[in-house]
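Letter 279 of the sequence shown, counting from 1, is numbered 279 in UniProt numbering, and no numbers are missing.
We put the beta carbon where it would ideally sit given N, CA and C, even for glycine.
Take a look at the structure below.
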Amino acid sequence: MKNKIKYFTAIFSVLQLFISCDNKSVDKDDTKIVVTGKVENLKDTTIVFSYYEYDFLKDLARQEVKFDSDGSFKMKMEKTAALKGWFSFGKVPITEVFQLKTVKNKDTIMKTETYDFRMIYLYLQPGDSLHLTVDVNDIKNTYNFTGENAAQSIFVNQEEYRFNNYKSKFLRNYYNLVNRGPDEYKQIADELYQNKLAFLDDFSSSHKLSDDLIAFYKADYKATNVGSKINYPAMHASYTNKEETVLPEDYYNFLETVKLDGSISKHGTGYFYNLRTYLKKKYDFEKSSNKEIPEFYDWLETELSEKNRYEYMAYALPGDFSKKVYDHFDSNSPYPEMAKAVRIKYKDSEGMLEGSQVPNILFEDTNGGKVALNDLQNQYVYIDLWATWCGPCIKEIPYLQKVEKAYHGKNIRFVSVSVDSEKDKEKWKKFVKDKSLKGTQLYADSVAHNIIKKVFRVNTIPRFILLDTRGKVVSANAPKPSDSKLIDLFDKNNI
1 MKNKIKYFTA IFSVLQLFIS CDNKSVDKDD TKIVVTGKVE NLKDTTIVFS
51 YYEYDFLKDL ARQEVKFDSD GSFKMKMEKT AALKGWFSFG KVPITEVFQL
101 KTVKNKDTIM KTETYDFRMI YLYLQPGDSL HLTVDVNDIK NTYNFTGENA
151 AQSIFVNQEE YRFNNYKSKF LRNYYNLVNR GPDEYKQIAD ELYQNKLAFL
201 DDFSSSHKLS DDLIAFYKAD YKATNVGSKI NYPAMHASYT NKEETVLPED
251 YYNFLETVKL DGSISKHGTG YFYNLRTYLK KKYDFEKSSN KEIPEFYDWL
301 ETELSEKNRY EYMAYALPGD FSKKVYDHFD SNSPYPEMAK AVRIKYKDSE
351 GMLEGSQVPN ILFEDTNGGK VALNDLQNQY VYIDLWATWC GPCIKEIPYL
401 QKVEKAYHGK NIRFVSVSVD SEKDKEKWKK FVKDKSLKGT QLYADSVAHN
451 IIKKVFRVNT IPRFILLDTR GKVVSANAPK PSDSKLIDLF DKNNI
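If you want it as structure tokens, here you go:
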């Protein structure tokens, strides 16, 4: 259980960093950002400042900052958009002890071994001049910001301490998902949403925050609330090892009143994930009652403005790198600047597009023999990228076995490729043997893994890929075995 808690705590901590604010038009002479300060008890002389700039398709960026022997520093940047970033001063083991009320309404004390991640957050706008003082041994009680917009950095830190402390993440990302029923979970999610709004309103009533910061934190809170309630059934089933979560008939009625801002670039990637969750669920409901509904991206024309639809497709590309979507950003795009940014960002991923030839990657079988991807041609190849430590991957195995059995003797080969680390190779072999896994079982060493990651932009697993009989891409993001859309894809290709 501890591993699951730590895994989802880390995932949600990272996602929280994607909150964004609108990009104001910035004067060319007003793009400089200067941060000075002094950090007590700092052992290192170089620390990396990591940040997300809230501009179209910006990725995580890093800047090395030099510190003097007394902890003094000066960081300079030139930006045209706001950003949220952080200094990480390492981590130390701690014992977290907190009290919570169980589902049986009993008070209990929780105690767990974890880490204190020594981080300080900064919210910066073009033209800002900010000064920071802090002691790394007691960040929460010693950090201090001064400067015209210092309140904004104070806010993001207080918000982190209030809603992303260990107890909050444990309840939100594990305990409530496992132990709460559908209606109770929705109630708790709504209470958290209202608490966040109240916290923001209270802080902004006594501190100077930009209108954009306030507006878009509110948008993020709303989108996170909606996304969490939509994701609850699948998360609850996953944690409790159930096929599905039984829901009351009116569970999704809350969607009838949901209205999310379709603009993405001013909100950030985290907002996109929740917007996507909402739109996909709405589309599924409409499709269930209307078989003539257009394909998803065409249907979006009824949900988003044209520009917002193009933004959506640009942000959707990492998870749906299809020719149909990518071709919206060719020389005929109505938004040439957007198209230029998309083409630059994804140029190295064009090998994922349908019809692209996949490189001849070399794998290893359970006996240590070498198997080249080209050796598997003359049949369609359905590839499952997985690892023994990946719970969602393992959950797909029974579905994969069922599909494989149904297509036995047909023109398709099912290939499972483990991306376990080198130290876990024997663990992978044992897992394959103990579970009597069928199909072609292969292992990707670090070289093969890096090629896969680069060619197919693999950031998470499980990931499924369908190749044709000549080793060309049919789908770089094929449906998972538990998704009925996989059979539709097979039928479309006459498999």
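7 Å Cβ cutoff met for residue i and residue j
{"i": "residue 152", "j": "residue 123", "result": "yes"}
{"i": "residue 418", "j": "residue 443", "result": "yes"}
{"i": "residue 565", "j": "residue 376", "result": "As shown, the chain starts at 1 and ends at 495. That puts residue 565 outside it, with no answer to give."}
{"i": "residue 497", "j": "residue 258", "result": "This structure leaves residue 497 out entirely; the chain is present only between 1 and 495."}
{"i": "residue 225", "j": "residue 189", "result": "yes"}
{"i": "residue 482", "j": "residue 407", "result": "no"}
{"i": "residue 218", "j": "residue 186", "result": "no"}
{"i": "residue 135", "j": "residue 40", "result": "yes"}
{"i": "residue 149", "j": "residue 133", "result": "no"}
{"i": "residue 33", "j": "residue 79", "result": "yes"}
{"i": "residue 378", "j": "residue 269", "result": "no"}
{"i": "residue 221", "j": "residue 193", "result": "yes"}
{"i": "residue 396", "j": "residue 480", "result": "yes"}
{"i": "residue 51", "j": "residue 81", "result": "no"}
{"i": "residue 299", "j": "residue 315", "result": "no"}
{"i": "residue 126", "j": "residue 30", "result": "yes"}
{"i": "residue 49", "j": "residue 85", "result": "yes"}
{"i": "residue 380", "j": "residue 495", "result": "yes"}
{"i": "residue 95", "j": "residue 66", "result": "no"}
{"i": "residue 262", "j": "residue 317", "result": "no"}
{"i": "residue 278", "j": "residue 260", "result": "yes"}
Three-state secondary structure (DSSP) of residue i
{"i": "residue 235", "result": "helix"}
{"i": "residue 447", "result": "helix"}
{"i": "residue 153", "result": "helix"}
{"i": "residue 55", "result": "coil"}
{"i": "residue 228", "result": "helix"}
{"i": "residue 159", "result": "helix"}
{"i": "residue 453", "result": "helix"}
{"i": "residue 63", "result": "strand"}
{"i": "residue 115", "result": "strand"}
{"i": "residue 440", "result": "strand"}
{"i": "residue 432", "result": "helix"}
{"i": "residue 482", "result": "coil"}
{"i": "residue 473", "result": "strand"}
{"i": "residue 256", "result": "helix"}
{"i": "residue 123", "result": "strand"}
{"i": "residue 50", "result": "strand"}
{"i": "residue 183", "result": "helix"}
{"i": "residue 220", "result": "helix"}
{"i": "residue 468", "result": "coil"}
{"i": "residue 380", "result": "strand"}
{"i": "residue 365", "result": "strand"}
{"i": "residue 196", "result": "helix"}
{"i": "residue 372", "result": "strand"}
{"i": "residue 32", "result": "strand"}
{"i": "residue 458", "result": "coil"}
{"i": "residue 415", "result": "strand"}
{"i": "residue 496", "result": "The chain is shown only over 1 to 495; residue 496 falls outside these bounds and no answer can be derived."}
{"i": "residue 390", "result": "coil"}
{"i": "residue 246", "result": "coil"}
{"i": "residue 420", "result": "coil"}
{"i": "residue 44", "result": "coil"}
{"i": "residue 397", "result": "helix"}
{"i": "residue 269", "result": "helix"}
{"i": "residue 277", "result": "helix"}
{"i": "residue 403", "result": "helix"}
Residue-chain proximity (residue i, chain B), Cβ-Cβ < 7 Å
{"i": "residue 279", "result": "In summary, chain B is missing from the structure at hand, where a single protein chain is found."}
Which residues DSSP lists as bridging residue i, in chain order
{"i": "residue 145", "result": "132"}
{"i": "residue 463", "result": "385"}
{"i": "residue 93", "result": "115"}
{"i": "residue 101", "result": "107"}
{"i": "residue 72", "result": "38"}
{"i": "residue 208", "result": "DSSP, once it has assigned bridges, lists no residue as partnering residue 208."}
{"i": "residue 263", "result": "According to DSSP, which records beta bridges pairwise, residue 263 is partnered with nothing at all."}
{"i": "residue 83", "result": "53, 124"}
{"i": "residue 78", "result": "32"}
Given 8 Å, three or more beta-carbon pairs between the stretch 268-284 and the stretch 321-331: no
Specify whether the stretch 67-81 and the stretch 95-102 touch according to this definition: at least 3 beta carbon pairs, one from each stretch, less than 8 Å apart. no
Flag this pair as touching only if the stretch 104-113 and the stretch 228-247 have three or more C-beta atom pairs under 8 Å; answer yes or no. no
Is the number of C-beta pairs between the stretch 448-456 and the stretch 360-376 that are closer than 8 Å three or more? yes
Count the C-beta pairs between the stretch 377-397 and the stretch 463-477 that are closer than 8 Å, then say yes if the count reaches three, no if not. yes
Would the stretch 306-318 count as touching the stretch 335-350 if we require 3 or more Cβ pairs under 8 Å? yes
If we require 4 or more residues per run, which alpha helix (DSSP H) segments fall completely within the stretch 283-356? 296-299, 306-316, 323-326, 336-346
Contact the stretch 82-93 vs the stretch 173-184: 3+ CB pairs below 8 Å: no
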